[in-house]
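Asks: Handing you this structure, nothing more for now.
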Amino acid sequence: LVAALGLQTSFQWFLFQGYVVLSTTHMFLQARSGTTGYSPIAATVLVYFGKALVALGMHVRTEGLPFSALFEPSGGRFGRVPIIVCTAIPGACFAAYDAMSFLTLSTLDPVTYQIVVHCRILLIALFWQIAFRKPLTGSQGLALLLFVFASLSKCADKLQSVHLTSVKTGLTILFGQILISAFNTVCSEVLLKEVTISTDLINFATYTQGLLALLLAAMCAPSLGGPMVVLEDIFGVAAWQKLHQDPWMISSIVCLVCFGIFTAYFLKELSSVLKELTGCCVMLLTAVVEWPVLGASTCTRSSVLAVLLAVAALATYNLDPITAPSTDGKGKKAQDFAEPKKSKQAS
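Position one of the sequence shown corresponds to residue 942 (the working numbering), numbered consecutively onward.
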């Protein structure tokens, strides 16, 4: 029988569970970090550097030092465009998203930010269907809507803290950020599935280009004080002292580095639609940890409703999940991947 949620191999289950655990862990770490005033820009730069370094190490361990494959034609829908040019697209999108997030978080309250960001899954579903030329089934679409309602219900208790003035000044930037994020998620999935080089080499190129683009954007942004201020926030002695005094921030950075590597393999092996739906599992796991274990939040009607909707979303998606055979690391045509399950008969 088709495995639960379309997960058919032990490696896919490992990726799914690891993604959920890292996502949940990062939420708790991020809530406790930043007490010393360490720059979020500097933290983001370290995350990009860590992802690129880990990807490089994984590539060298498995395939050695050659990087000439990056300059070969991508093939498929990308034609003769060099692979390194294709990886620059998600790299630039990563940088643009993070650069815009600094502006968004400074003009929007966290609740409004979370409410709007959760609607990103609808855009991802649209882009995914266009990119893979496969419409979502009724149960898959319903599962996405249930997850959106679950996310909104989770935020319901804090709606009174939403400030309309902040919404007016920051929503335009946030919508642009969400558009970039949705496009980049699907673009990365297509790239990872169709380009016939190792995932580690794609990761190294993408995160290196993203790091360079982020540094350039940060140093050119007038609101950040100019290049010297940015460089001081990243490389200055005071900055490293602040980081050393904030173990939660260090843990958060390490978690995000691992999270980035897991995300790439998740998109290659599974799908961006399922990646977004992992938020249901994160919601469940967070509730289990926060309510009885940590006592960090109270169990309200809206939070219980959010958990029930998340369970319903997973159950609905499981009726007809997107299935994907495990890839061999050499690339796989996305058209062959995106077949929804046709029947429930035993294989």
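All C-beta atoms, glycine included, are put in the ideal place defined by N, C-alpha and C.
All of these numbers come straight from a predicted model, not from anything done at the bench.
Where do the ends of the alpha helix (DSSP H) carrying G998 lie?
Replies: From DSSP, the alpha helix (DSSP H) with G998 extends over P981 to E1004.
Asks: Output the boundary residues of the alpha helix (DSSP H) element that contains V1022.
Replies: Segment: none, V1022 is in no alpha helix (DSSP H) and carries neither H nor E.
Asks: Once the 5 residues before and after S1267 are set aside, which same chain residues still bring their CB inside 8 Å of it?
Replies: Because S1267 sits at a pLDDT of 48, beneath the cut-off of 50, its placement in the model cannot be relied upon, and the following sentence gives the value as read from the coordinates. Q949, T950, F952, Q953 and E1210.
Asks: Relative to the alpha-carbon of F957, which residue among M968, A945 and H967 has its alpha-carbon at the smallest distance?
Replies: A945
Asks: By DSSP, does P1262 sit in helix, in strand, or in coil?
Replies: coil
Asks: What residue range does the alpha helix (DSSP H) around A1066 cover?
Replies: Run containing A1066: R1061 to F1073, per the alpha helix (DSSP H) assignment.
Asks: Would L997 pass as a contact of F1203 if the rule is Cβ separation under 8 Å?
Replies: Cβ atoms of L997 and F1203: not closer than 8 Å.
Asks: Evaluate S1244 with the Cβ neighbour count: other Cβ atoms within 10 Å of its Cβ, from every protein chain shown; 16 or more gives buried, anything less gives exposed.
Replies: Of the residues assessed, S1244 falls on the buried side of the cut-off, its CB having 16 or more other CB atoms within 10 angstroms.
Asks: Suppose you measure from the CA of I1062 to the CA of A1228; what does that come to, to the nearest Å?
Replies: 21 Å
Asks: Return the chain-ordered list of same chain residues with a C-beta closer than 7 Å to the C-beta of I1030, the five sequence neighbours on each side being excluded.
Replies: Correct list, in chain order: C1128.
Asks: Return the CA-CA distance between L1011 and L1249, expressed in angstroms with no decimal places.
Replies: 46 Å
Asks: Could you check what DSSP says for P1168 in three-state terms: helix, strand or coil?
Replies: helix
Asks: Leaving out five residues on either side along the sequence, give the residues of the same chain with a beta carbon under 7 Å from the beta carbon of D1174.
Replies: S980, I982, A983 and A1180
Asks: Nearest to I1191 by alpha carbon, out of L1064, G975, L1142 and T1149?
Replies: G975
Asks: With 16 as the cutoff for other CB atoms within 10 Å, does H1059 come out buried or exposed?
Replies: buried
Asks: Have a look at R1074 and A1159 and give me their C-alpha separation to the nearest angstrom.
Replies: 37 Å
Asks: Touching or not, the stretch 961-971 and the stretch 1117-1128, by the rule of three or more beta carbon pairs under 8 Å?
Replies: no
Asks: Along the alpha helix (DSSP H) that carries Q958, what are the first and last residues, could you check?
Replies: S951 to R973
Asks: Nearest CA to the CA of L1255: which residue from R1021, M1224 and V1136?
Replies: M1224
Asks: So, with DSSP's three-state summary, where would you put P1188?
Replies: When secondary structure is reduced to three states using DSSP, P1188 falls in the helix class.
Asks: C1240: buried (16+ other C-beta within 10 angstroms of its C-beta) or exposed?
Replies: exposed
Asks: Provide the residue(s) that pair with P1014 in DSSP beta bridges, ordered along the chain.
Replies: P1023
Asks: Should V1089 go down as buried or exposed, given a rule of 16 or more other Cβ atoms within 10 Å for buried?
Replies: Per the 10 Å Cβ criterion, buried.
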